[in-house]
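Worksheet: one structure, shown below.
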Amino acid sequence: MTTIEQLTQRFGGEGFASSRFRDNVRFDIPPQSLIEVLTFLKSDCGFDLLVDITAVDLLEYPDARNRFRVIYALANTATAERLYLRTHLDLPNPALASVVPLWLGANWMEREVFDMFGIGFDGHPNLKRILMPEEFTAFPLRKDYPLRGRGERHNFPVITRAES
Amino acid sequence: MAIAASDNVFMTQLDAAANWARSNSLWPMPFATACCGIELMATASSRYDIARFGAEVMRFSPRQCDLLIVAGRVVMKMLPVLQRIWLQMPEPKWCISMGACACTGGVFDTYAVVLGVDRFIPVDIYVPGCPPRPEQLLASIIELQNAIKKHGTLTGKEFADRRTATGPAPLSLEELRRSRDYLLLQAEQDEAAAEKRAETATKHHP
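Chains as they are written, first to last, in the numbering used here: chain A, 513 to 676; chain B, 408 to 613.
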């Protein structure tokens with residue numbers, strides 16, 4: 513039985529869906545059942561490696577019904593099988609449960625998603641910015657944030673020759 | 408300024424001696440953040456040999472250097488570090504902005520990259536190129552040596568009248584507009600949210 517068959521057998525109903533593009537297997541889940549599905553995948557299906565956590569801002573994306581898509585890339589190191597678990601979130605307060613209790617490596621990945629998209633992770637041990645400076649206020653990978661910023665890179669003292 | 412002297416005292420022979428010594432022993436502080444750093448290393452290596460011009464003593468402590476070479480793009484998180492390094496260098500000191508990114512930000516016109524270090528620290532020589540060839544860096548060092556020999560003074564008088572930033576003003580008009588639009592949008596959203604809250608409050612307590 514394939515993983516997708518196992519998943520659809522165990523978790524059916526509203527919000528669950530599976531799709532496939534070539535060898536890219538995806539499984540969509542509602543955000544509230546994230547921990548349940550990931551625990552099942554880790555303990556029963558052998559997906560022992562969390563490869564990455566990333567997000568997409570679907571603002572002005574054709575046919576998108578939600579604002580954010582968070583993607584969990586999983587791998588089974590025994591069979592080399594890969595699975596992309598996707599869940600969708602909306603403004604205001606997009607938040608998910610933290611998966612740090614399942615994979616310690618999720619710590620920095622969730623911090624990066626938080627830093628770039630402003631998606632919160634409840635139960636994260638240390639949820640603060642990881643790439644941008646602490647005093648940065650925006651979430652730069654959101655599509656409504658201008659590429660050239662809002663003047664953040666100009667907020668420094670100017671040192672002239674006469675004074676130094 | 409190394410020595411205090413009143414403005415109407417000119418020590419031409421001493422100036423010339425100091426300029427000769429200073430220009431022929433520039434100690435570079437390599438601030439290499441990107442691919443320009445590789446060219447900087449090539450300039451220091453035996454083929455191009457920056458030692459021919461007396462500038463081979465690369466020191467990784469700013470307190471021992473008098474020439475800052477900014478080689479590569481500087482992001483907004485790195486700029487306070489660069490400014491601190493510049494302030495830690497002893498007088499007299501000079502700065503070379505090497506490559507397109509250090510001079511103008513290059514192709515990295517994004518929220519995170521500073522559009523030219525000359526907006527925030529003084530720059531004496533700009534080296535164009537992406538990255539510039541070692542010959543160009545050597546030419547800039549020769550140019551700087553000539554400038555020191557020509558304009559340098561023992562007391563560092565020539566720096567005193569440079570009271571403005573070398574580069575353009577930090578905020579461009581376009582950037583100001585973008586910030587203003589965002590603030591207006593925020594105010595609008597806050598107002599709408601407050602109205603909505605007031606509406607629901609009256610609904611619950613008519």
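C-beta atoms are modelled at their ideal positions from N, C-alpha and C, and glycine is treated no differently. Remember, it's a predicted structure, so these values are computed and weren't measured experimentally.
{"Asked": "Rounded separation between Gln-490 (chain B) and Asp-564 (chain A) - CA only", "Found": "36 Å"}
{"Asked": "Short Cβ contact (8 Å threshold) for Val-488 (chain B) with Ala-509 (chain B)", "Found": "no"}
{"Asked": "Reference Ile-503 (chain B); option with closest CA among B:Gly-513, B:Pro-535, B:Ala-519", "Found": "B:Pro-535"}
{"Asked": "Residue environment, Ile-541 (chain A), which counts as buried when at least 16 other CB atoms sit within 10 Å", "Found": "buried"}
{"Asked": "Among A:Pro-652, A:Tyr-584, A:Thr-672, nearest to Gly-617 (chain A) - alpha-carbon criterion", "Found": "A:Tyr-584"}
{"Asked": "CB contact check: Arg-584 (chain B) to chain A, cutoff 8 Å", "Found": "no"}
{"Asked": "Start and end residues, alpha helix (DSSP H) containing Asp-627 (chain A)", "Found": "618-629"}
{"Asked": "Status (buried if at least 16 other CB within 10 Å, exposed otherwise) for Asp-634 (chain A)", "Found": "exposed"}
{"Asked": "Three or more C-beta pairs below 8 Å linking the region 422-431 of chain B and the region 553-568 of chain B", "Found": "yes"}
{"Asked": "Partner residues on chain B for Glu-664 (chain A), Cβ-Cβ distance less than 7 Å", "Found": "Met-483, Tyr-518"}
{"Asked": "Inter-residue Cα distance where the pair is Gly-479 (chain B) and Gly-513 (chain B)", "Found": "10 Å"}
{"Asked": "Interface partners of Phe-566 (chain B) on chain A, CB under 7 Å", "Found": "Arg-673, Ala-674"}
{"Asked": "Met-436 (chain B) in three-state terms, based on DSSP", "Found": "strand"}
{"Asked": "Neighbouring residues, chain B, relative to Phe-668 (chain A) (Cβ below 9 Å)", "Found": "Met-483, Leu-486, Pro-487, Gln-490, Val-521, Arg-526, Phe-527, Pro-577"}
{"Asked": "In DSSP terms, what Cys-502 (chain B) is bridged to", "Found": "B:Leu-475"}
{"Asked": "Residue-level contact to chain A via CB, Ala-594 (chain B), 8 Å cutoff", "Found": "no"}
{"Asked": "Separation of Phe-523 (chain A) from Met-621 (chain A), as counted between CA atoms", "Found": "26 Å"}
{"Asked": "Boundaries of the beta strand (DSSP E) in which Arg-480 (chain B) is found, first to last residue", "Found": "Careful: Arg-480 (chain B) lies outside any beta strand (DSSP E) and carries neither H nor E."}
{"Asked": "Cross-chain neighbours of Leu-659 (chain A) in chain B, by beta carbon under 9 Å", "Found": "Asp-516, Thr-517, Tyr-518"}
{"Asked": "Proximal residues of chain B, C-beta to C-beta of Pro-652 (chain A) below 7 Å", "Found": "Tyr-518"}
{"Asked": "Whole-angstrom C-beta distance between Leu-474 (chain B) and Met-505 (chain B), which should lie under 8 Å", "Found": "Actually they are not in contact, since the Cβ atoms of Met-505 (chain B) and Leu-474 (chain B) sit about 11 Å apart, beyond 8 Å."}
{"Asked": "Best match in B:Ala-428, B:Tyr-518, B:Arg-470 for proximity to Lys-484 (chain B) [C-alpha to C-alpha]", "Found": "B:Tyr-518"}
{"Asked": "Contacting positions in the region 618-649 of chain A - beta carbon closer than 7 Å to chain B", "Found": "Pro-645"}
{"Asked": "According to DSSP, residues forming a beta bridge with Tyr-584 (chain A)", "Found": "A:Ile-565, A:Leu-597"}
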